[in-house]
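Input: a single structure, listed below in structure tokens.
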Amino acid sequence: MTVMSYLGAIGAAQREAMQADERVVIIGEDVEANVYGTTGGSGKSRAASGDFLEMFGANRIRNTPISEEVIVGACAGAAMTGLRPIVDLSYSSFLYMAMDQFVNQVAKNRYMFGGQASMPVVFRSAMFYGLNTGAHHSDRPYPMFMNVPGLKVVVPASPADAKGLLRTAVDSDDPVLIFEACMLWGTKEDVPEEEYHTPFGVARTVREGSDVTIVAISSAVPEAVKAADELAEQGISAEVLDPRTLVPLDVEAIVSSVQRTGRLVVADPAHRTCSAAAEISAIVAEEAFSSLTAPIVRVTTPDTQIPFSPALEKQLYPNRYSIADAVRRVTGEAFATPAGIATSAPR
Amino acid sequence: MDLSTETLLEMQRRMLRIRYFDERASKMVKRGHIPGTVHTSIGQEAQVVGACMALGDNDFMSGNHRSHGHPIGKGSPLGPLMAELVGKADGVCGGKGGSLHLADFNVGSLGESGIVGSSIPIATGAALSSKVLGNGKVALAFFGDGAANQGCLYESMNLAGAWGLPVVFLCENNQYALSTPAHTVTSGVIADRAAGFGMPGVRVEDGQDVLAVYEAVRAAVERARSGEGPSLVEVVTYRFNEHSEGLRLGVDYRDKDEKEAWLERDPIVIFRRWLAEHGHATEEQLDALDAEVRAEVDESVAFTDASPFPDPSRAFADLYTEPFGPTHAEHGPGPLIGAQK
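Residue numbers (our numbering), protein chains in the order written: chain A, 1 to 347; chain B, 1 to 341.
The structure is reproduced here in structure tokens:
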């Protein structure tokens, strides 16, 4: 074990994947200079000529023009013909520039061509929400891609998962979109130094509990844990589940947890309508209705755009307070919300 | 040109295969044998075959909605293609793609695309893998004059130029994007746009001449294979049929005289005459070739008729390489069976 940051763990996984298979290439904007710290040997170097460029050469570490549509499409074409690209799209909001390629080529080619194509390509992007970057850089677009059959959607919430899920993504013969939360970049924890793969479709029980299930996504996971700590002091035992991958989704883990606790709160930093939280809520309503002793509550970002001012932005995302409030709603032990602290926004 | 008689006759054979396949497909659409519609390459056979024959068997190719000619030109067998148009289990894509999304990876056909321009980055990516893996393969992207105004073409040309990728951008300029004359929506000459990316741009004015197309594309393919990077080739041609079969627009967007002049320039008639005049085949031999291809198309229809429709459960196959996600059982048999005829 060694202490690694979320960002350092991504860099470690990329290094391992590049060393393990010569067909793996890293393609994206600013990957040569290690601008984001994931293409350096230690994960920290910011040398003009990044460590990866020296280690793996310019044939396998490729800076691109700012042309998302061809970056995504060309990496799809390369994946169909023998490479296993890891594509760094930097900001998640930039994925929209390549929507046609994602939806019409990446997701459909294997299916449309009757299984002739395989699409071993990983698209990494970072969600800069909560960092005062304004509306164009703060998106959490993973639910849009959950709506596109053929893609796998991954949302790591811890350094250990960021490493293990990325290794599994690179080994997948299907296209994988990984949405990384910048708010978690600095998070540190013990991470195994050796190589390991974290399976897709297997939720992580972050904390066990018996009164309520909190399914938390991305940066909402550490917030849900803090909420659970606070709730424990009030005698409420909350279980925190991190699905880790939204496609495939570990339905069994979520349903069986709700069957034990009888209550569900879903904390999801995406916009409320058609969010991952909405889908998880619908599944639980269909699969475990008779186990529910209270209505499901979603804690999401309300359906508004992301404002720049910290005074406006901070209140919007699920946090320990809004999650704890939601739990108290479903457990019937509502406490007054401390003044000045935002809860989940009104419908 | 140093082409053997065998190669020259193969060109004619492939043009005939496209012609008779598409003529049959057109009839099958009108009779309801093929569901939906198809876009034929009738009239454009020289442009398609000249380009495909300039590629090697292992080279890659991507295409568009005018889709049958490309895999046929690359050497794909007709039976699975025809079965795909009808939606049969033995279709080249198992009935999942249909006319718009043919692909035959066995001949390097990486897929046709129903989205105009969308497959150009795919061919660019195939060239990228050739470059990284150093396997000497070349990729060719077919697209029309309509796609020539899509941004992804220019992103692809820029990336290919910057990275020196072995790709040929092949514009099939049949002069109309459905009903819209290309010259009314296109600024300048398409081939000239190559200069802005520092790559050769060639315009083949007579796209009805299969040898002219072949020569231009072969030069671009050789350039790509020798590591000199991408090229743009624009081929001026004409589609003889309507944009899609069965389409009745009620407007004459093509000038009558223009259309008649182009119909006179049938690439198959022109090349047949050339083959006979240059002593590559007798009229009898050319008649026999014609009959062979007609029989091959008949066989493709027989192959199609003998193939069953796919089991409804196949709607859930091939989405991922490993089994997860929706299954037939989960969705229940009710609505699916109800939708079957």
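Using N, Cα and C, we set each Cβ at its ideal position, and we do this for glycine too.
Option in the options with minimal Cα separation from residue i
| i | options | result |
| --- | --- | --- |
| Asp22 (chain B) | B:Asn58, B:Leu286, B:Leu85 | B:Leu85 |
| Ala51 (chain B) | B:Arg248, B:Arg14, B:Val116 | B:Arg14 |
| Arg328 (chain A) | A:Ala253, A:Thr301, A:Val265 | A:Val265 |
| Ala228 (chain A) | A:Ala220, A:Glu239, A:Ser218 | A:Glu239 |
| Met18 (chain A) | A:Val35, A:Glu29, A:Asp51 | A:Asp51 |
| Phe143 (chain B) | B:Thr5, B:Pro312, B:Ser109, B:Ile120 | B:Ile120 |
| Leu153 (chain B) | B:Val293, B:Pro230, B:Glu215 | B:Pro230 |
| Ser109 (chain B) | B:His183, B:Pro323, B:Val92 | B:Val92 |
| Thr81 (chain A) | B:Thr184, B:Lys131, B:Glu299 | B:Lys131 |
| Ala267 (chain A) | A:Ile217, A:Val247, A:Met99 | A:Ile217 |
| Ser156 (chain B) | B:Val217, B:Glu205, B:Phe197, B:Gln175 | B:Phe197 |
| Asp145 (chain B) | B:Ala160, B:Glu205, B:Val116 | B:Val116 |
| Phe169 (chain B) | B:Ser99, B:Asp311, B:Gly201, B:Val185 | B:Gly201 |
| Ala220 (chain B) | B:Leu140, B:His101, B:Gln208 | B:Leu140 |
| Phe94 (chain A) | A:Ala135, A:Leu53, A:Glu68, A:Met183 | A:Glu68 |
| Ala160 (chain B) | A:Cys75, A:Glu286, A:Thr293 | A:Cys75 |
Classification of residue i by the beta-carbon crowding that lies within 10 angstroms, buried from 16 upward
| i | result |
| --- | --- |
| Asn109 (chain A) | buried |
| Gln234 (chain A) | exposed |
| Ser290 (chain A) | exposed |
| Ser129 (chain B) | buried |
| Leu312 (chain A) | exposed |
| Met1 (chain A) | exposed |
| Asn147 (chain A) | exposed |
| Arg273 (chain B) | exposed |
| Ile61 (chain A) | buried |
| Val3 (chain A) | exposed |
| Asp321 (chain A) | In the sequence as displayed, the identity of residue 321 (chain A) is Tyr instead of Asp. Result: buried. |
| Ile268 (chain B) | buried |
| Phe308 (chain A) | exposed |
| Tyr317 (chain A) | buried |
| Ile42 (chain B) | buried |
| Gln12 (chain B) | buried |
| Glu277 (chain B) | exposed |
| Gly36 (chain B) | exposed |
| Thr331 (chain A) | buried |
| Asn158 (chain B) | buried |
Per DSSP, the bridge partner or partners of residue i
| i | result |
| --- | --- |
| Lys152 (chain A) | A:Val176 |
| Ala177 (chain B) | B:Thr180 |
| Glu234 (chain B) | B:Cys171, B:Arg203 |
| Pro85 (chain A) | A:Val25 |
| Met183 (chain A) | For Met183 (chain A), which the question treats as bridged, DSSP gives no partner whatsoever. |
| Phe143 (chain B) | B:Cys171 |
Cβ distance (whole Å) where residue i is taken to contact residue j below 8 Å
| i | j | result |
| --- | --- | --- |
| Leu177 (chain A) | Phe200 (chain A) | 12 Å between Cβ atoms; not a contact. |
| Val155 (chain A) | Phe179 (chain A) | 5 Å |
| Ala278 (chain A) | Arg298 (chain A) | 7 Å |
| His197 (chain A) | Arg167 (chain A) | 5 Å |
| Ala352 (chain A) | Val255 (chain A) | Outside the displayed range of chain A (1 to 347) lies residue 352 (chain A), so it cannot be described from this structure. |
| Glu112 (chain B) | Ala103 (chain B) | 7 Å |
| Ile190 (chain B) | Gly73 (chain A) | Actually they are not in contact, since the Cβ atoms of Ile190 (chain B) and Gly73 (chain A) sit about 20 Å apart, beyond 8 Å. |
| His39 (chain B) | Ser244 (chain B) | 5 Å |
| Ser300 (chain B) | Met28 (chain B) | Actually they do not touch by this definition, with Cβ atoms about 11 Å apart. |
| His101 (chain B) | Gly87 (chain B) | With 8 Å as the limit, His101 (chain B) and Gly87 (chain B) do not qualify as a contact, their Cβ atoms being about 12 Å apart. |
| Pro323 (chain B) | Gly95 (chain B) | About 20 Å separates the two Cβ atoms, so there is no contact after all. |
Reduced DSSP category for residue i - H, G, I as helix; E, B as strand; rest coil
| i | result |
| --- | --- |
| Ala48 (chain A) | Low local confidence applies: a pLDDT of 44 at Ala48 (chain A) is under 50, so the model's placement there is unreliable, with the coordinate-based value given in what follows. If DSSP states are grouped into helix, strand and coil, Ala48 (chain A) belongs with coil. |
| Gly40 (chain A) | coil |
| Asp161 (chain A) | helix |
| Met1 (chain A) | coil |
| Phe289 (chain A) | helix |
| Glu239 (chain A) | strand |
| Arg265 (chain B) | coil |
| Pro307 (chain A) | coil |
| Tyr96 (chain A) | helix |
| Val103 (chain A) | helix |
| His70 (chain B) | helix |
| Glu222 (chain B) | helix |
| Asn63 (chain A) | strand |
| Gln14 (chain A) | helix |
| Leu166 (chain A) | helix |
| Met61 (chain B) | strand |
| Glu189 (chain A) | strand |
| Met127 (chain A) | strand |
| Thr40 (chain B) | coil |
| Pro302 (chain A) | coil |
Residue-chain proximity (residue i, chain E), Cβ-Cβ < 8 Å
| i | result |
| --- | --- |
| Ala212 (chain B) | Here the protein chains are A and B, and chain E is not one of them. |
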